[in-house]
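From first to last, the protein sequence lines are chains A and B.
First residue of the first sequence: 1, per the working numbering; consecutive thereafter.
First residue of the second sequence: 1001, per the working numbering; consecutive thereafter.
Beta carbons: idealized from backbone N, C-alpha and C, even for Gly.
Only one structure is covered here, and it is reproduced in the block below.
Protein chains: 2
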Amino acid sequence: MASFGEIGEREIIRRMLRAVRPSGRDGPGDDAALADISGRLAICSDGLTFKRHKPDTMTFEQFGWTAAAVNFSDLASMGARPNGLVISLMVPADTDEESIYDIMSGADQCAEFCGTFIIGGDTKEGEGAAVATAIGSMEDRVPMTRYGAGPGDLVAITGPLGGPAAGWHSLKHGLDIEEAEIALKVPVPRVDEGIALSGSGAVTSCIDLSDGLAEAAWSICGSSRVGMEFHRDFLPEGEGVAEVSELLGMPRDEMTLYWGGEYELMFTFKKDKIKALYGCGAPFTIIGVVDNGNSPKISDADKTEVLGHGIY
Amino acid sequence: MASFGEIGEREIIRRMLRAVRPSGRDGPGDDAALADISGRLAICSDGLTFKRHKPDTMTFEQFGWTAAAVNFSDLASMGARPNGLVISLMVPADTDEESIYDIMSGADQCAEFCGTFIIGGDTKEGEGAAVATAIGSMEDRVPMTRYGAGPGDLVAITGPLGGPAAGWHSLKHGLDIEEAEIALKVPVPRVDEGIALSGSGAVTSCIDLSDGLAEAAWSICGSSRVGMEFHRDFLPEGEGVAEVSELLGMPRDEMTLYWGGEYELMFTFKKDKIKALYGCGAPFTIIGVVDNGNSPKISDADKTEVLGHGIY
């Protein structure tokens, strides 16, 4: 198997694009790729490095999937429909061709899952890293931002919390909680949910949970100049959270509130539009309410506390 | 001056976007940026590393400019009008804030030169690298590709060759040929020229010279299944080429044919549409002709040779 250094930068990306899309499409081989956008364009770019984002137990394919997923998740939080993925790799010269193929294949599988494909890319020699850029169309929908939450709105999420955190602990301690480990290694961007939510007309702000629920809440509170109160009992727990908490004595809040790599969407919506929201087809759980304050809080039967900052 | 590691990933990109665009625009702070595209979207992404692409004599600002310029040049070769730039940085934790600002500022100056601005970005810890993604609108123009050259077409370029190569030698040997050194460190993407050329209706293929004239010609020949013959006497020489050749005994071909980091456009056009080409406003020099062969050749009074591969 030839290494990247032997094949060369200009050749490898052509091979990869041919390999993941054997039928051939517009673009590969030209200086830029082309795409047809409907309505406003949404675009985001996020880089992951082998060193920080690829634990030994993660395959190159899962790394590629994740590099794509973090970006499709960002598109999802705006309510955009994905139109394409461009991926720039930087890999050491001795990286074998199969590893590069696996990264591209993983990214392409995620793109396909999100209804699109890899439209272009670039490979350079460097420390191992993948920077993916996802583009999407707003079509006739208004983009969801972090700025529109108002007091009295309700706060909801599209799925359970803490699964990826539980997966991380499961891997580290050999607990073998498969569902949780998959939630960690193959994050699912909530693309269909984002499109449905933005189309409902009910949502006033939205963000993904890639930095955890607490950071997401701080961000919405800061951008919309509001406060927010969650009820601990309302927070749906992901696979493995109870088990990890029981087996390792890990605090549940650490997994459900302060863990990154969570890819559900958190959003606020106008109470009087809840019917439109139920009709839009996206599953959700109401977890709190927006208030006149300036910080996110969490309450249970005993007390109410301001959420902390940071991610584990 | 705080370092990147002290400020943190989530904060630094906000500071940078505020700094380069103090008036504030759509997007910064949200998960994805928004842009309005007219016609088809053209998109490209290209990464540069400190190690390979930032010689000691290059400032961070020039590095940022270059990271943007290579992408705007790719858009230019398709004939797209730039609509935005997204930039993902990876920097060591001890990088000071000013250096990051300088990279962003350099990239933003290049974007402004190309009629647009930075619409989003991301900063992660890693080996020094910048991956910029440029987007552009085809408006009502047909994208120029590498696939349309036909026998009998003429070959032209938008400007002189070898300036950046001469600049590199000038820097290395302290020759102080200022114009050439600027051509190396502050490459100018031919955005207006690309738009004018694609609007002329005369162009049958186009590519930028970022890998040098020889590689560009091989690429057009391969993609369009044609040959090409250049006349050595027709090749316009950039600033400093004659001087470097004379002072250092450097072969001119090495600088004009086989040097990367050249940002002129090479294109082919239908002879009978030359009037439309002259009318489009882009300056150009005719340097050769497309033929029925399968390789690019160069001829002078004495002989005709097939061009080599590779970049210095």
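DSSP state of residue i mapped onto helix, strand, coil
i: B/Phe1060; result: helix
i: A/Phe316; result: What the structure shows of chain A is the stretch from 1 to 312, and residue 316 of chain A is not part of that stretch, so it cannot be assessed.
i: A/Gly342; result: Since the first residue of chain A shown is 1 and the last is 312, residue 342 of chain A is not available in this structure.
i: A/Gly27; result: Note that A/Gly27 scores a pLDDT of 44, beneath 50, so its modelled location is shaky; the value from the coordinates is reported in the next line. If DSSP states are grouped into helix, strand and coil, A/Gly27 belongs with coil.
i: A/Ala344; result: Residue 344 of chain A lies beyond the range of chain A shown here (1 to 312); nothing can be said about it.
i: B/Pro1022; result: For B/Pro1022, the predicted structure reports a pLDDT of 45, less than 50, and the residue's modelled location is therefore unreliable. A value from the coordinates is still provided. Residue state, collapsed to three classes: coil.
i: B/Thr1066; result: helix
i: B/Gly1008; result: coil
i: B/Gly1150; result: coil
i: A/Val142; result: coil
i: B/Asp1096; result: strand
i: A/Thr200; result: A small fix is needed here, since residue 200 of chain A is Ser in this sequence, not Thr. Three-state result, A/Ser200: helix.
i: A/Asp176; result: coil
i: A/Val186; result: coil
i: B/Leu1307; result: coil
i: B/Leu1209; result: coil
i: A/Pro55; result: coil
i: A/Gly281; result: coil
i: A/Arg370; result: As shown, chain A starts at 1 and ends at 312. That puts residue 370 of chain A outside it, with no answer to give.
i: A/Ser295; result: coil
i: A/Gly136; result: strand
i: B/Pro1164; result: helix
i: A/Glu112; result: helix
i: B/Gly1079; result: coil
i: B/Asp1302; result: coil
i: B/Asp1107; result: Just to set this straight, residue 1107 of chain B is Ala in the shown sequence, not Asp. Here B/Ala1107 sits in helix by DSSP.
i: A/Gly194; result: helix
i: A/Ala276; result: helix
i: B/Glu1127; result: coil
i: A/Ala156; result: strand
Nearest-angstrom Cβ-Cβ length linking residue i and residue j, presumed shorter than 8 Å
i: A/Leu307; j: A/Gly238; result: Not confirmed; about 18 Å, so no contact.
i: A/Leu265; j: A/Ser77; result: 6 Å
i: B/Val1086; j: B/Gly1120; result: 5 Å
i: B/Met1255; j: B/Ala1166; result: 6 Å
i: B/Ser1073; j: B/Tyr1263; result: 5 Å
i: A/Leu342; j: A/Glu181; result: The structure shown has nothing for residue 342 of chain A, since chain A only spans 1 to 312.
i: A/Ala149; j: A/Thr268; result: 4 Å
i: A/Val131; j: A/Ser210; result: Between A/Ser210 and A/Val131 the Cβ distance is about 16 Å, and since that is not below 8 Å, they are no contact.
i: A/Ile195; j: A/Gly79; result: 6 Å
i: A/Ile43; j: A/Thr133; result: 7 Å
i: A/Ser88; j: A/Asp122; result: 5 Å
i: B/Thr1066; j: B/Pro1187; result: 6 Å
i: B/Asp1030; j: A/Arg225; result: No, B/Asp1030 and A/Arg225 are not in contact; Cβ-Cβ is about 16 Å, not under 8 Å.
i: A/Ser198; j: A/Val142; result: 7 Å
i: B/Val1191; j: B/Leu1075; result: 7 Å
i: B/Lys1271; j: B/Gly1152; result: 6 Å
i: B/Pro1082; j: B/Gly1115; result: 6 Å
i: B/Gly1084; j: B/Phe1117; result: 7 Å
Closer than 7 Å: residue i CB and nearest the ligand FAD heavy atom
i: B/Trp1259; result: Absence of the ligand FAD from the depicted structure is noted, as is the absence of any ligand whatsoever, leaving it without description.
Fill in: Touching by the beta-carbon criterion (3+ pairs, under 8 Å), the region 164-181 of chain A and the region 60-68 of chain A
Contact fails between the region 164-181 of chain A and the region 60-68 of chain A, because fewer than three Cβ pairs, one in each stretch, are under 8 Å apart.
**Q.** Validate contact between the region 1215-1230 of chain B and the region 1282-1299 of chain B using beta carbons, cut 8 Å, 3 pairs
**A.** yes
**Item:** Under 8 Å (Cβ pairs) to chain A, residues found in the region 1038-1064 of chain B
**Value:** Flagged, chain order: Arg1040, Leu1041, Ala1042, Ile1043, Cys1044, Ser1045, Asp1046, Gly1047, Leu1048, Thr1049, Lys1051, Arg1052.
(message) Below 8 Å, how does it come out for the region 1112-1128 of chain B and the region 1201-1210 of chain B: are there three or more Cβ pairs, yes or no?
(response) no
### alpha helix (DSSP H) runs wholly inside the region 1216-1273 of chain B, at least 4 long, in chain order
Qualifying alpha helix (DSSP H) stretches, in chain order: 1241-1248, 1252-1256.
*the region 93-101 of chain A in contact with the region 2-13 of chain A per 3-pair CB rule at 8 Å*: yes
Just by C-beta distance, which residues in the region 84-97 of chain A are closer than 9 Å to chain B?
Gly84, Val86, Ile87, Ser88, Leu89, Met90
Under 7 Å (Cβ pairs) to chain A, residues found in the region 1144-1169 of chain B: Thr1145, Arg1146
Pairs of beta-carbons, one from the region 208-228 of chain A and one from the region 275-282 of chain A, closer than 8 Å: are there three or more?
Using a Cβ-Cβ distance cut-off of 8 Å, the region 208-228 of chain A and the region 275-282 of chain A are not in contact, since fewer than three pairs of beta carbons, one from each stretch, lie closer than that value.
Could you name the residues of the region 1113-1125 of chain B whose beta carbon sits closer than 8 Å to any beta carbon of chain A, in the order they occur along the chain?
Ile1119, Gly1120, Gly1121, Asp1122, Lys1124, Glu1125
Point to revise | Members of the region 172-198 of chain A near chain B, C-beta cut-off 7 Å | key: none
query = What residues in the region 1221-1233 of chain B bring their beta carbon closer than 8 Å to a beta carbon of chain A?
reply = Ser1223
Which residues, in order along the region 1260-1288 of chain B, keep a beta-carbon less than 8 Å from a beta-carbon of chain A?
none
Exercise for review: Anything in the region 1064-1077 of chain B with a Cβ closer than 8 Å to a Cβ of chain A? List those residues in chain order, please.
Suggested key: For the region 1064-1077 of chain B, the set of residues with a beta-carbon nearer than 8 Å to any beta-carbon of chain A comprises Ser1073, Asp1074, Leu1075, Ser1077, in chain order.
Mind listing which residues of the region 1200-1219 of chain B have their C-beta closer than 9 Å to chain A's C-betas, in chain order? Within the region 1200-1219 of chain B, the residues whose Cβ lies closer than 9 Å to some Cβ of chain A are Cys1206, Ile1207, Asp1208, Ser1210, Asp1211, Glu1215, Ser1219, listed in chain order.
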